[in-house]
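Comments concern the structure below.
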Amino acid sequence: KAGVTQTPRYLIKTRGQQVTLSCSPISGHRSVSWYQQTPGQGLQFLFEYFSETQRNKGNFPGRFSGRQFSNSRSEMNVSTLELGDSALYLCASSLGGTPDTEAFFGQGTRLTVV
Amino acid sequence: AQTVTQSQPEMSVQEAETVTLSCTYDTSESDYYLFWYKQPPSRQMILVIRQEAYKQQNATENRFSVNFQKAAKSFSLKISDSQLGDAAMYFCAYRSLLQGAQKLVFGQGTRLTINP
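So the protein sequences, as listed, match chains A and B.
When you line the first sequence up against this note's numbering, it's residues 1 to 114, in that order.
When you line the second sequence up against this note's numbering, it's residues 1001 to 1116, in that order.
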């Protein structure tokens, strides 16, 4: 069974640009969550999508957005990139139907903003 | 809002010895889940162990066990017979049953070094 796949693994963007990150969940999983990991702020929850609907959202500015497709794949978009957006972005998938389902993480996308 | 605190930024242990990582959390909820995740240099978060708050019995997974003290809001991880492959960042995490199914609140992490 394939794990959670995040693409690309590494990305370098210029300040002011926008970026789209992709996450393919484990087959059969309907929930996809996104996290930002930085040395200063640690791991912070961005948002969760379940069956194409945003179910939960963290405290991030509107420049951070996401969506989920009918095949459960999810994309995260960051517009008008700032230097502080440099981080490891992690995606986690789960069955999502009940709170007791385990979350499986991808290997992340390392975004560097210059 | 829930918070999770890991007071030990770094820990080290000799191979084959036992080490305990500390975690405290703050919540007003009575039902929730607690987790320990491991993040090796490959960056992929791996679930080590989980504890349901309604269960009084401490969870155990092979060499990994927890000491869950609900009243004290404490959730420590004990690693027995430490192995070189245990070297990683360890994160304690909280998940509410009330605020949506999958949001995890993480502590700042503890970097564990295993000395051969």
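Where a beta carbon is used, it is the ideal one built from N, C-alpha and C, also for glycine.
Checklist entry - Shortest alpha-carbon distance to residue 8 of chain A belongs to which of A:104, A:80, A:91, A:101? => result Position 8 of the first sequence, counted from the start, is the residue given in the question as residue 8 of chain A. Cα-wise, what sits closest to residue 8 of chain A is A:91.
Item to check | Contacting residues, own chain, Cβ-Cβ under 6 Å from residue 17 of chain A (five flanking each side not counted) | outcome: Taking the first sequence and counting its residues from 1, one reaches residue 17 of chain A at position 17. Excluding positions up to five away in sequence, the list reads 81.
Checklist entry - Leaving out five residues before and five after residue 69 of chain A in sequence, what residues of the same chain have Cβ atoms less than 6 Å from its Cβ? => result For the purposes of this step, residue 69 of chain A is taken as the residue at position 69 of the first sequence. Closer than 6 Å at Cβ, skipping near neighbours: no residue.
Checklist entry - For residue 1054 of chain B, which beta-bridge partners are listed by DSSP? => result Position 54 of the second sequence, counted from the first residue, corresponds to residue 1054 of chain B. Bridge pairing for residue 1054 of chain B: absent [DSSP].
Next on the checklist: Between which residues of its own chain and residue 71 of chain A is the CB-CB distance below 6 Å, once the five residues before and five after are set aside?
Outcome noted: Start at 1 with the first residue of the first sequence, and residue 71 of chain A comes out as number 71. The same chain holds no residue with a CB closer than 6 Å to that of residue 71 of chain A once the five nearest residues on each side in sequence are set aside.
Item to check | Local Cβ density within 10 Å of residue 15 of chain A, reported as buried at 16 or more and exposed below that | outcome: Here residue 15 of chain A refers to the residue found at position 15 of the first sequence. Classification for residue 15 of chain A: exposed.
Next on the checklist: To the nearest angstrom, how far is the alpha carbon of residue 46 of chain A from that of residue 1013 of chain B?
Outcome noted: Here residue 46 of chain A refers to the residue found at position 46 of the first sequence. Here residue 1013 of chain B refers to the residue found at position 13 of the second sequence. Between residue 46 of chain A and residue 1013 of chain B, the C-alpha separation is close to 34 Å.
Checklist entry - Apart from the five residues on each side of it in sequence, which residues of its chain come closer than 6 Å, Cβ to Cβ, to residue 76 of chain A? => result As a working note, residue 76 of chain A is residue 76 in the first sequence. Cβ within range, chain order: 21, 34, 66.
Checklist entry - Are there 16 or more other CB atoms within 10 angstroms of the CB of residue 25 of chain A, so buried, or fewer, so exposed? => result Against the first sequence, residue 25 of chain A aligns to sequence position 25. Label assigned to residue 25 of chain A: buried.
Checklist entry - Among B:1048, B:1044, B:1067, which has the Cα closest to the Cα of residue 1055 of chain B? => result In the second sequence, residue 1055 of chain B corresponds to position 55, counting from 1. Minimum Cα distance to residue 1055 of chain B is reached at B:1067.
Checklist entry - Can you find a CB in chain B that lies within less than 8 Å of the CB of residue 96 of chain A? => result Here residue 96 of chain A is taken as the residue at index 96 of the first sequence, counted from 1. Cβ-Cβ to chain B under 8 Å: yes for residue 96 of chain A.
Checklist entry - In chain A, which residues lie less than 7 Å from residue 1109 of chain B when you measure between Cβ atoms? => result Residue mapping note: residue 1109 of chain B aligns to position 109 of the second sequence, counting from 1. For a Cβ distance threshold of 7 Å, residue set 42 of chain A lies close to residue 1109 of chain B, ordered along the chain.
Next on the checklist: Once the 5 residues before and after residue 1010 of chain B are set aside, which same chain residues still bring their CB inside 6 Å of it?
Outcome noted: Mapped onto the second sequence, residue 1010 of chain B falls at position 10. So the list reads 1111, once near-sequence residues are dropped.
Checklist entry - With respect to the beta strand (DSSP E) encompassing residue 1086 of chain B, which residues constitute its N-terminal and C-terminal limits? => result The residue given as residue 1086 of chain B occupies position 86 in the second sequence. Unbroken run through residue 1086 of chain B: none, as it is neither H nor E.
Item to check | Rounded Cβ spacing between residue 1047 of chain B and residue 1037 of chain B (contact assumed at less than 8 Å) | outcome: Counted from its first residue, the second sequence places residue 1047 of chain B at position 47. Counted from its first residue, the second sequence places residue 1037 of chain B at position 37. Yes, residue 1047 of chain B and residue 1037 of chain B are in contact; Cβ-Cβ is about 6 Å, under 8 Å.
Item to check | Under 7 Å by beta carbon: chain A residues contacting residue 1043 of chain B | outcome: Here residue 1043 of chain B is taken as the residue at index 43 of the second sequence, counted from 1. Below the 7 Å Cβ cutoff, chain A contributes 88, 107, 108 as neighbours of residue 1043 of chain B, in chain order.
Checklist entry - What number of angstroms, rounded off, separates the C-alpha of residue 53 of chain A from the C-alpha of residue 1059 of chain B? => result Locating residue 53 of chain A in the first sequence gives position 53, counting from the first residue. Locating residue 1059 of chain B in the second sequence gives position 59, counting from the first residue. When rounded, the distance between both Cα atoms is 33 Å.
Checklist entry - Taking the C-alpha atoms as reference points, what is the distance between residue 114 of chain A and residue 1108 of chain B? => result Taking the first sequence and counting its residues from 1, one reaches residue 114 of chain A at position 114. Taking the second sequence and counting its residues from 1, one reaches residue 1108 of chain B at position 108. C-alpha separation (whole angstroms): 26 Å.
Checklist entry - Quick one: which chain A residues come within Cβ less than 8 Å of residue 1038 of chain B? => result Against the second sequence, residue 1038 of chain B aligns to sequence position 38. None at all; the shortest Cβ gap to chain A is about 11 Å.
Checklist entry - Can you tell me whether DSSP reads residue 100 of chain A as helix, strand or coil? => result The residue labelled residue 100 of chain A in the question sits at position 100 within the first sequence. Residue 100 of chain A falls in the coil class under three-state DSSP.
Checklist entry - Would residue 63 of chain A be called buried (16 or more neighbouring beta carbons within 10 Å of its own) or exposed? => result Residue mapping note: residue 63 of chain A aligns to position 63 of the first sequence, counting from 1. So residue 63 of chain A counts as exposed.
Checklist entry - With distances taken between CB atoms, is the gap from residue 1084 of chain B to residue 1064 of chain B smaller than 8 Å? => result As a first step, residue 1084 of chain B must be located in the second sequence, where it is residue number 84. As a first step, residue 1064 of chain B must be located in the second sequence, where it is residue number 64. In this structure, residue 1064 of chain B does not lie closer than 8 Å to residue 1084 of chain B by Cβ.
Checklist entry - Under a Cβ-count criterion, where at least 16 other Cβ atoms within 10 Å of its own Cβ denotes burial, should residue 109 of chain A be classed as buried or exposed? => result Looking up residue 109 of chain A in the first sequence gives position 109. The residue in question, residue 109 of chain A, is buried, as its Cβ has 16 or more Cβ neighbours within 10 Å.
Checklist entry - Based on the DSSP secondary-structure assignment, which residues constitute the bridge partners of residue 1115 of chain B? => result Residue numbering aside, residue 1115 of chain B sits at position 115 when the second sequence is read from its first letter. Residue pairing from DSSP places residue 1115 of chain B in a beta bridge opposite B:1014.
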